[in-house]
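I have placed the structure first, in the form of structure tokens, so that the comments after it can refer back to it.
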């Protein structure tokens, strides 16, 4: 019966073929602007950048531009500066994300409790997220300056240092400057997302747990953490990828120095592309970083799916 009805419908469909074609293409026409924008803004530059990794693109060499195959990757495998930047990236990303998450969770738990002036406090807590990263780097570089900045003198007054000095010029402690600035700048991201997740937890669960005699540690472990787990997973994943690619503070505060002690892969790409003007080699480094971040993202997603099945 269904086949007969379809045959009759096609038989009685007397619309002009242009009208039928227009009706059939409507969904594609509606989505065309978005597809064109995605291709123009994301896919086309990505394809061009990937092609640069296999070509000799040097702005100061008018004869460059030819295909060189895997030559950039062979040079990269022997580049000690790249391996140093990769180690620094692990330290920079791990310390920044862990501290941002810890302080962001503490702030979210505090702001979840009602108190007088909570709206003002929330606005002040979220203020760093509105500051441009370039400006944040300049401000923190000024704060660490021993001539005009207060932090070296505070550390000296507390007896933590022998004299007011600039940690940004100390190879042993230089990485802590951008990490501290990054933690200050990124805490609001975790605080906002975790606070929203906390406010979605039913309050009846806490009341029932309190009646049963559960302490705040038990309530946090049995109620808060399970409800926050999906939000924590996605925020940590996103923030790890963002911080790994985030070189603004390092470029502004230290430029990768001293002696490449604060050079991460993202800032190394900036150095190769915009200081040495070697876009081919910089694209090869960027392609390796993209592959590493994709592998990390897939690992986290697979781990999360495995935990959900269990």
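Numbering (the UniProt record's numbering), first residue to last: 1 to 310.
Cβ atoms here follow ideal geometry from the backbone N, Cα and C, with glycine treated the same way.
Evaluate the contact criterion for the segment 185 to 196 versus the segment 208 to 227: three or more CB pairs, one atom per stretch, below 8 Å. The segment 185 to 196 vs the segment 208 to 227: no contact.
Is it right to say residue 11 is buried, meaning 16 or more other beta carbons lie within 10 angstroms of its own, or is it exposed? Numbered from its first residue, the chain shown carries residue 11 at position 11. The predicted model places residue 11 with a pLDDT of 49, which falls under 50 and marks its position as unreliable; any figure quoted below should be read in that light. By the 10 Å Cβ count, residue 11 comes out exposed.
C-alpha distance - residue 42 paired with residue 166, whole-angstrom precision: Counted from its first residue, the chain shown places residue 42 at position 42. Counted from its first residue, the chain shown places residue 166 at position 166. Distance between the alpha carbons of residue 42 and residue 166: 40 Å.
Start and end of the alpha helix (DSSP H) containing residue 227? Position 227 of the chain shown, counted from the first residue, corresponds to residue 227. Residues 225 to 244.
Taking the Cβ atom as the reference point for each residue, do residue 161 and residue 193 lie within a distance shorter than 8 Å? If you number the chain shown from 1, residue 161 lands on position 161. If you number the chain shown from 1, residue 193 lands on position 193. The answer is no: Cβ separation not under 8 Å.
State the beta-bridge partners of residue 55 as determined by DSSP. Residue numbering aside, residue 55 sits at position 55 when the chain shown is read from its first letter. According to DSSP, which records beta bridges pairwise, residue 55 is partnered with 67.
Considering only C-alpha positions, which residue in the set 146, 175, 173, 172 is nearest to residue 163? By 1-based counting over the chain shown, the position of residue 163 is 163. In terms of Cα proximity to residue 163, the closest of 146, 175, 173, 172 is 146.
Whole runs of the beta strand (DSSP E) within the segment 150 to 187, excluding any shorter than 3 residues: none
Does the segment 138 to 152 come into contact with the segment 244 to 254, if we say contact requires no fewer than three beta-carbon pairs (one atom in each stretch) closer than 8 Å? yes
Go ahead and pull the three-state DSSP assignment for residue 278. For the purposes of this step, residue 278 is taken as the residue at position 278 of the chain shown. Residue 278 falls in the strand class under three-state DSSP.
For residue 175, count neighbouring C-beta atoms within 10 Å of its own C-beta (all shown protein chains included) and say buried if the count is 16 or more, exposed if not. Position 175 of the chain shown, counted from the start, is the residue given in the question as residue 175. With 16 or more other Cβ atoms within 10 Å, it is buried.
Residues in the same chain with beta-carbon distance under 8 Å from residue 287, minus the five sequence neighbours each way, listed in chain order, please. Counting from 1 along the chain shown, the entry for residue 287 is found at position 287. 49, 50, 53, listed in sequence order.
Taking only three categories from DSSP, how would you classify residue 78? Within the chain shown, residue 78 is the residue found at index 78, counting from 1. In the structure shown, residue 78 sits in coil (DSSP, three-state: anything other than H, G, I, E or B).
Quick one: Cα of residue 79 to Cα of residue 90, how far? Along the chain shown, one-based indexing puts residue 79 at 79. Along the chain shown, one-based indexing puts residue 90 at 90. Roughly 17 Å between the two C-alpha positions.
Please classify residue 60: does DSSP put it in a helix, a strand, or coil? One-based indexing of the chain shown puts residue 60 at position 60. If DSSP states are grouped into helix, strand and coil, residue 60 belongs with coil.
Am I right that residue 68 and residue 55 are in contact with their C-beta atoms under 8 Å? What's the rounded C-beta distance? Stepping through the chain shown from its first residue, residue 68 is reached at position 68. Stepping through the chain shown from its first residue, residue 55 is reached at position 55. Contact between residue 68 and residue 55 is confirmed by a C-beta separation of about 6 Å, below the 8 Å threshold.
Under a three-way DSSP split, which group does residue 116 fall into? The residue you call residue 116 lines up with position 116 of the chain shown. Reduced to three states, the DSSP call for residue 116 is coil.
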